[in-house]
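Heads up: the structure comes next, in structure tokens.
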Amino acid sequence: MVRYQRADPEAPRALIVALSPALLRFFRSQIAIREQADDLLQETWMRIHRVRHTYRPGEPVLPWVYAIARRVGIDGYRRTRRISSHESAMEVVPEKAAPVEARNTLPAFDTLVAALPEAQREVVTMMKVGGLSLEEVARATSCTVGAVKQKAHRAYERLRKLLETQAAEGWKGRIDELR
Amino acid sequence: MNCGDVDQALIGESAIAHFPLDVQEHLRSCKLCQEIVRALSAPVPSYYSSPATLSQIEQKLVADLEAVRPLMPAGYAVVLGAIFVSFLALAVHRLGAFAITVMSQLQTSAMLGAMAISTGVLIYSLVHQMVPGSLHRVSPRLLPIAILSSLIGVMTVLFQFQHDADYWLRALVCLRAGTPIGFLTAVPFWLVLRRGAIISPTMTGATTGLLSGLVGTSVLEIHCPNLDAWHILVSHLGIAVLCSMAGLTLGRGAERCSADRTQK
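Chains E and V are the protein sequences, given in the same order.
For the first sequence, the working numbering begins at 10 and goes up steadily by one.
For the second sequence, the working numbering begins at 36 and goes up steadily by one.
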């Protein structure tokens with residue numbers, strides 16, 4: 010990052026290769042903006058480029074990058090919501106119902122966290138997928154460490170309840186109900 | 036040892052191998068905890084952009100690559116503080132410091148102390164908001180509310196509630212004197228803040244509005260000799276509330292514009 014600030018022409022490539030998969034995974038984990046993940050990735054890099062002077066050498070890079078990516082994601086989500094509210098449904102074709110996952114099969118991470126509210130999902134995704142520590146998540150989300158801890162705790166409580174009732178209902182129906 | 040302790044371990048450590056021994060023991064006996072740990076530890080599929088996309092991004096970045104100097108938050112804190120003091124001094128010089136002669140020593144020192152602390156905390160938060168990924172000791176979302184509540188508490192304790200016949204007339208005079216000072220101070224504050232990367236314009240708008248509003252409030256606290264608690268709360272602190280609301284509204288507007296600009 011410091012080399013990037015010093016205009017080393019090799020630095021952008023190194024950063025893009027190292028961070029893009031994690032950023033793409035972050036965007037893909039958010040259902041509302043999943044379809045635009047590639048566009049959001051590009052937009053994130055453009056913003057990173059514009060504000061690269063705000064990175065302070067010696068500080069962790071990941072929270073700085075995730076904070077920018079999170080903002081891009083929020084903008085993307087708002088845009089999608091605004092567009093979809095203006096669009097009128099021309100023809101609704103009923104989708105074929107997805108097969109319900111087997112009773113004792115554990116759901117995939119994305120399916121599991123899809124049942125969580127946005128703020129909790131974001132924290133769990135950053136911690137478990139991005140590999141960020143509590144403090145790094147707090148930095149990325151402009152929260153205090155205590156607030157992040159509380160969100161993570163509530164998320165795990167909710168997931169526990171969800172897993173408890175998994176046996177009674179299929180995942181699809183349960184997630185729809187919780188959202 | 037219960038399931039809550041497993042949650043604590045999950046929050047702290049990502050690998051099961053690093054869990055404390057008693058947590059691992061609980062895991063062996065609790066099926067539900069086993070499931071949640073297994074689900075959260077399961078490998079997440081990796082996604083990759085096409086090399087063409089990555090190369091396109093790289094070309095865009097390299098095409099506009101220039102050396103930049105890293106932002107120094109401490110320097111910006113000093114600049115924000117200097118703006119606050121300059122506007123305060125100018126306004127007090129113009130309006131006069133009549134309240135100082137009327138207030139007791141305790142009231143003067145407690146009021147000015149509370150203002151100084153609030154200003155310091157707001158500046159500290161703002162320079163952190165200029166830099167994405169900063170660690171906030173106090174939640175920036177709650178800070179404006181916390182500061183306003185503390186100031187209300189201090190003012191309520193220090194001043195007595197009285198019945199004033201010309202209450203609204205005097206209130207209007209103070210509001211008309213202090214509000215333009217607050218709005219004017221917001222301009223240089225904004226010019227400084229735009230050099231950083233504002234991640235949440237709504238939050239930063241409210242904080243900046245409160246800081247500039249506090250210039251107006253401080254000026255009136257030094258100038259206005261009316262010591263009625265109602266007057267101070269409504270006409271002096273009201274300016275800070277007004278400016279904060281204006282900042283919040285402008286920030287929200289900026290956030291919407293930013294989303295639209297990205298779309299184009």
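Beta carbons are placed, not taken as given, at the ideal position from N, Cα and C, and that holds for glycine.
None of these values were measured; they are calculated from a predicted model.
Sequence-distant residues of its chain with Cβ nearer than 7 Å to residue i (five each side left out)
| i | result |
| --- | --- |
| S169 of chain V | H163 |
| K158 of chain E | L143 |
| L33 of chain E | A46 and L50 |
| Q69 of chain V | L62 |
| A31 of chain E | G139 |
| V133 of chain E | V122, L125, A161 and A164 |
| P21 of chain E | Y13 |
Cβ pair residue i, residue j closer than 8 Å
| i | j | result |
| --- | --- | --- |
| M146 of chain V | V189 of chain V | yes |
| L141 of chain V | S253 of chain V | no |
| T150 of chain E | E131 of chain E | yes |
| G139 of chain E | Y75 of chain E | yes |
| V279 of chain V | P179 of chain V | Residue identity differs from the one stated: residue 279 of chain V is Ser in this sequence, not Val. In contact: S279 of chain V and P179 of chain V (Cβ atoms closer than 8 Å). |
| L121 of chain E | L168 of chain E | yes |
| W225 of chain V | T243 of chain V | yes |
| Q39 of chain E | G82 of chain E | yes |
| L272 of chain V | H62 of chain E | no |
| L245 of chain V | I182 of chain V | yes |
| L141 of chain E | P72 of chain E | yes |
| V166 of chain V | P108 of chain V | yes |
| K137 of chain E | L75 of chain V | yes |
| L62 of chain V | V41 of chain V | yes |
| Q129 of chain E | A78 of chain E | no |
| V153 of chain V | L249 of chain V | Going by the sequence as given, residue 153 of chain V is Ser instead of Val. In contact: S153 of chain V and L249 of chain V (Cβ atoms closer than 8 Å). |
| R176 of chain V | M238 of chain V | yes |
| A44 of chain V | F118 of chain E | no |
| I71 of chain V | L172 of chain E | yes |
Own chain residues within Cβ distance below 6 Å of residue i, not counting five before or after
| i | result |
| --- | --- |
| Q197 of chain V | D263 |
| G240 of chain V | G282, L283, L285 and G286 |
| P236 of chain V | G286, A289 and E290 |
Minimum Cβ-Cβ distance from residue i to chain E less than 8 Å
| i | result |
| --- | --- |
| V103 of chain V | yes |
| A44 of chain V | no |
| P179 of chain V | no |
| H171 of chain V | yes |
| A200 of chain V | no |
| C292 of chain V | no |
| P167 of chain V | yes |
| Y82 of chain V | yes |
| A74 of chain V | yes |
| C38 of chain V | yes |
| V208 of chain V | no |
| V192 of chain V | no |
| D57 of chain V | no |
| I267 of chain V | no |
| V79 of chain V | yes |
| I255 of chain V | The sequence as given places Leu at residue 255 of chain V; Ile does not occur at that position. Not an interface residue. |
| T93 of chain V | One detail in the question is off: residue 93 of chain V reads as Glu in this sequence, not Thr. Interface residue, yes. |
| V97 of chain V | yes |
| G155 of chain V | no |
| G286 of chain V | no |
Within-8 Å CB hit, residue i to chain V
| i | result |
| --- | --- |
| R51 of chain E | Here residue 51 of chain E turns out to be Gln, not Arg, going by the sequence shown. True, the Cβ-Cβ gap to chain V drops below 8 Å. |
| E68 of chain E | yes |
| T174 of chain E | no |
| R112 of chain E | With a pLDDT of only 43 at R112 of chain E, under 50, the local geometry of the prediction cannot be trusted, and the value read off the model is given with reservation. Chain V contact via Cβ: absent. |
| A161 of chain E | yes |
| E211 of chain E | This structure cannot speak to residue 211 of chain E, because chain E is shown only from 10 to 188. |
| E131 of chain E | no |
| Q14 of chain E | yes |
| M55 of chain E | yes |
| A147 of chain E | yes |
| A27 of chain E | no |
| E166 of chain E | yes |
| P126 of chain E | no |
| A123 of chain E | no |
| A107 of chain E | In this prediction, A107 of chain E has a pLDDT of 45, which is less than 50 and means its spatial position is unreliable; nothing more can be read from the coordinates. |
Any non-hydrogen atom of the ligand NAD within 7 Å of residue i CB
| i | result |
| --- | --- |
| H271 of chain V | Of the ligands one can find in the structure shown there are none, so the ligand NAD has no counterpart to examine. |
Nonlocal neighbours in the same chain, by C-beta distance under 8 Å from residue i, ignoring five residues either side
| i | result |
| --- | --- |
| R205 of chain V | D199, N261, H266 and S270 |
| F133 of chain V | H258, C259 and P260 |
| L130 of chain V | A212, V254 and H258 |
| P66 of chain E | M10, V11 and Q14 |
| E256 of chain V | A134, M146, L147, M150, I267 and H271 |
Legend entry - Segment contact flag, the region 231-240 of chain V with the region 180-193 of chain V, C-beta cutoff 8 Å, min 3 pairs: No, the region 231-240 of chain V is not in contact with the region 180-193 of chain V.
Legend entry - alpha helix (DSSP H) segments (min. 4 residues) lying fully within the region 128-153 of chain V: Uninterrupted alpha helix (DSSP H) stretches at least 4 residues long and entirely within the region 128-153 of chain V occur at 133-137, given in chain order.
Inset, instruction - Indicate whether the contact test is met: 3 or more Cβ pairs, each with one atom in the region 196-216 of chain V and one in the region 79-88 of chain V, closer than 8 Å. - result: Touching, no.
Inset, instruction - Ignoring anything shorter than 4 residues or poking outside the region 181-247 of chain V, list the alpha helix (DSSP H) runs there in chain order. - result: As summarised for the region 181-247 of chain V, the continuous alpha helix (DSSP H) elements at least 4 residues long and confined to that stretch are 202-228, given in chain order.
Legend entry - Secondary structure, alpha helix (DSSP H): runs of 4+ residues fully inside the region 40-120 of chain V: Within the region 40-120 of chain V, the complete alpha helix (DSSP H) runs of at least 4 residues are 56-64, 66-76 and 86-98.
Legend entry - Inter-stretch contact at 8 Å, needing at least 3 Cβ pairs: the region 107-116 of chain V / the region 147-166 of chain V: These segments touch.
Legend entry - Inside the region 35-64 of chain E only - alpha helix (DSSP H) runs reaching at least 4 residues: Runs of the alpha helix (DSSP H) inside the region 35-64 of chain E: 46-59.
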